[in-house]
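So the mapping is simple: this note's numbering equals the position in the sequence shown, first residue as 1, plus 316. Glycine included, every Cβ here is placed at the ideal spot set by N, Cα and C. On a predicted model such as this, the values are computed, not experimentally measured, just so you know. Notes to accompany the following structure.
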Amino acid sequence: MGLFSNYEKVGPGISKNPEEKLPFVRFFELYFSHFSRLIMLNFLFILAFLPFAGIMLAEYYMEPSSYAYVILYYVLFVLTGIFVGPCVCGFTKVIRNISCERPIFLWHDFWKAFRQNFKQGAVMGVIDMTFYVAMSIAYPLYYQMSTSNSMFFIPFAICIVCTVLFLMMHFYIYLLIVSTNLSLWKIIKNSFFLIAIVPKISVINLAVTAALLILTLILFPFSAFMLVVLPSFLGLLYAFNCFPIIRKYVIQPWYEARGEEAPELSYADNDDGSEAVFKDTPETEVPVEQPKSSGKGKKIR
């Protein structure tokens with residue numbers, strides 16, 4: 317279910333959990349019950365960005381002396397996506413399992429998802445870094461040109477819209493990578509459609525992200541500790557809100573079209589694809605006849 321909406325309620329009936337808690341309460345219960353693991357996951361995730369941080373530091377302390385240097389810097393920057401993308405896949409897989417209340421093995425699950433989704437993760441990581449480089453060039457360029465010609469405010473505004481859409485698509489992209497076998501093109505396309513289908517969730521995620529990042533920047537350096545808290549908090553928020561939408565509009569229809577049961581809809585499924593040992597099938601159970609009382613002896617209540 318989402319943080320502010322329930323996408324899993326299918327209709328009237330008797331709930332197995334009659335005292336179902338509000339999504340907002342359940343989210344924070346999930347977060348604090350896995351707080352230590354989420355902090356460890358943050359440190360593991362931060363390690364993925366060490367190559368990225370190294371290139372940024374090199375650019376900060378070494379002034380560019382030629383166009384060749386600038387080109388080399390941007391090429392190396394883009395290539396860090398080959399490592400960063402699969403790490404985001406590992407991070408997302410662990411976060412998704414936590415949001416679904418599945419058992420997790422932090423180190424094993426992270427690197428297993430890293431290996432299994434390396435190809436798509438690496439390509440998506442390179443796309444992300446390329447987009448970041450393109451926007452880092454386009455924003456100052458169009459803004460400077462717009463000071464002398466107001467017509468350049470149009471491409472500047474287009475860059476802003478593209479950036480917002482690209483960020484919102486990432487609420488779904490990596491979740492789709494680790495949860496489906498779709499091609500990367502279909503994953504990107506479905507991510508765009510999911511934004512249009514449930515815009516409220518994307519706006520909420522974006523607003524919470526922007527508010528926390530702005531607050532962190534305003535209070536820096538006193539908010540430096542947030543660097544080891546924010547990634548997993550936001551990741552869990554995205555998975556908690558967006559994975560039920562993926563399950564409803566992507567995973568479930570795919571299996572229904574083939575007359576199969578979606579493993580993602582079963583609480584008893586195992587992440588390695590093995591079948592559950594026992595299944596709850598009350599419709600096939602026969603009530604046990606109780607022996608008639610003889611009227612003798614004590615009755616235990």
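Please list, in chain order, all residues of the same chain as residue i whose beta carbon is under 8 Å from its beta carbon, the five residues on each side excluded.
i: Ser-620; result: The chain is shown only over 317 to 617; residue 620 falls outside these bounds and no answer can be derived.
i: Phe-538; result: none
i: Pro-367; result: Thr-396, Phe-399 and Val-400
Could you say which of the options lies nearest to residue i if we only look at CA atoms?
i: Ile-520; options: Asn-506, Phe-487, Leu-500 and Met-542; result: Phe-487
i: Leu-491; options: Pro-402, Phe-351, Leu-360 and Ile-387; result: Pro-402
i: Ser-495; options: Thr-446, Asn-413 and Leu-422; result: Asn-413
i: Trp-427; options: Val-400, Ser-507, Met-542 and Val-341; result: Val-400
i: Lys-502; options: Met-485, Pro-515 and Val-514; result: Met-485
i: Phe-434; options: Arg-418, Lys-409, Phe-447 and Pro-419; result: Lys-409
i: Ser-349; options: Ala-364, Ile-362, Ile-534 and Arg-418; result: Arg-418
i: Tyr-565; options: Ser-507, Phe-541 and Leu-546; result: Ser-507
i: Phe-407; options: Leu-392, Tyr-390, Asp-425 and Gly-397; result: Asp-425
i: Ile-504; options: Ala-540, Ala-526, Val-439 and Leu-522; result: Val-439
i: Val-483; options: Leu-535, Phe-447 and Ile-420; result: Position check: residue 483 holds Leu in this sequence, whereas Val was assumed. Considering only alpha carbons, the answer is Phe-447.
i: Leu-510; options: Phe-536, Leu-533, Leu-481 and Leu-529; result: Leu-481
i: Ile-362; options: Ser-548, Tyr-571 and Arg-563; result: Ser-548
i: Ile-443; options: Phe-430, Ala-429 and Leu-500; result: Leu-500
i: Leu-550; options: Leu-522, Leu-535, Val-514 and Leu-338; result: Leu-522
i: Leu-388; options: Met-461, Val-449 and Met-542; result: Val-449
i: Phe-351; options: Ala-540, Pro-367 and Ile-411; result: Ile-411
Using C-beta distances below 6 Å, list every residue in its chain close to residue i, excluding the 5 sequence neighbours before and after it, in chain order.
i: Leu-498; result: none
i: Phe-468; result: Tyr-458, Met-461 and Ser-462
i: Ala-429; result: Cys-405, Gly-406, Lys-409 and Val-494
Considering only residues of the same chain and omitting the five flanking positions on each side of residue i, which have a CB-CB separation below 7 Å?
i: Ile-517; result: Gly-318, Asn-557, Cys-558 and Ile-561
i: Met-451; result: Cys-475 and Thr-479
i: Val-628; result: Examination of residue 628 is not possible in this model, given that the chain is present from 317 through 617 alone.
i: Met-445; result: Phe-393, Val-394, Thr-396 and Gly-397
i: Phe-365; result: Val-400
Which class does residue i belong to by DSSP, given the choice of helix, strand or coil?
i: Ile-530; result: helix
i: Ile-420; result: coil
i: His-486; result: helix
i: Thr-408; result: helix
i: Arg-574; result: coil
i: Pro-402; result: helix
i: Leu-498; result: coil
i: Lys-337; result: coil
i: Val-519; result: helix
i: Val-464; result: For clarity, residue 464 is Ser in the given sequence; the question names Val instead. DSSP places Ser-464 in coil when its eight states are reduced to three.
i: Thr-479; result: helix
i: Val-545; result: coil
Let me know if residue i comes out buried or exposed under the rule of 16 or more other beta-carbons within 10 Å of its beta-carbon.
i: Leu-354; result: buried
i: Ala-473; result: exposed
i: Ile-470; result: exposed
i: Ala-573; result: exposed
i: Asn-465; result: exposed
i: Ile-489; result: buried
i: Val-514; result: buried
Taking 7 Å as the threshold (beta carbon to beta carbon), is residue i in contact with chain B?
i: Glu-417; result: Among the protein chains of the structure shown there is no chain B, as only one such chain exists.
Would you please state the rounded distance, in angstroms, between the beta carbons of residue i and residue j? I believe it to be under 8 Å.
i: Gly-441; j: Val-477; result: That belief does not hold up - the Cβ atoms of Gly-441 and Val-477 are roughly 23 Å apart, past 8 Å.
i: Ile-359; j: Val-544; result: Contrary to the premise, residue 359 reads as Phe rather than Ile in this sequence. Between Val-544 and Phe-359 the Cβ distance is about 7 Å, and since that is below 8 Å, they are a contact.
i: Leu-422; j: Leu-357; result: 6 Å
i: Gln-436; j: Ile-493; result: 5 Å
i: Leu-528; j: Leu-546; result: 6 Å
Within 6 Å: the Cβ of residue i and any heavy atom of the ligand SAM?
i: Val-545; result: The ligand SAM is not among the ligands present in this structure, which contains no ligands whatsoever.
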